[in-house]
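In this note's numbering, the protein residues as written are 6 to 107.
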């Protein structure tokens with residue numbers, strides 16, 4: 006049995022975040038949760054090790070940079086995957102590709 010892949014999704018648009026979470030959680034062995042602020046991301050990351058942080062749209066450039074810096078510095082075993090749209094096929098491909106190279 007494959008190990009569960011935990012995914013933390015951050016995005017500013019609640020409706021899009023809901024769709025992304027639904028798509029990710031229907032995959033075998035994937036467990037995704039969502040947040041919409043850097044503060045929430047930090048709170049979630051301090052209590053759990055995520056394999057992937059999916060960076061969604063709607064964040065300011067400063068927020069994106071803060072997320073990237075936090076993940077690089079505090080979660081070195083976590084893969085950061087940017088996703089700004091393009092459908093479920095692209096979403097899955099981005100994550101699978103990142104997991105293969107991690």
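By construction, the Cβ of each residue, glycine as well, lies at the ideal position given by its N, Cα and C atoms.
Query, Result
"DSSP state of residue 107 mapped onto helix, strand, coil", "coil"
"DSSP-derived helix/strand/coil call for residue 17", "coil"
"Where residue 6 sits in the DSSP three-state scheme", "Note that residue 6 scores 47 on pLDDT, short of 50, meaning its location in the model is unreliable; the coordinates nonetheless yield the value given after this. Three-state result, residue 6: coil."
"Residue 20 versus residue 93 - alpha carbon distance", "15 Å"
"Coil, strand or helix - residue 22 by DSSP", "helix"
"Contact set for residue 64: own chain, Cβ-Cβ below 6 Å, skip 5 residues either direction", "17"
"Residue 39 - containing alpha helix (DSSP H), residue span", "Where residue 39 is concerned, there is no enclosing alpha helix (DSSP H), although the beta strand (DSSP E) it sits in stretches over 35 to 40."
"Residues bridged to residue 46 (per DSSP)", "In DSSP, residue 46 forms no bridge with anything."
"Residue 102 vs residue 55 beta-carbon contact at 8 Å", "no"
"DSSP three-state assignment for residue 65, whether helix, strand or coil", "coil"
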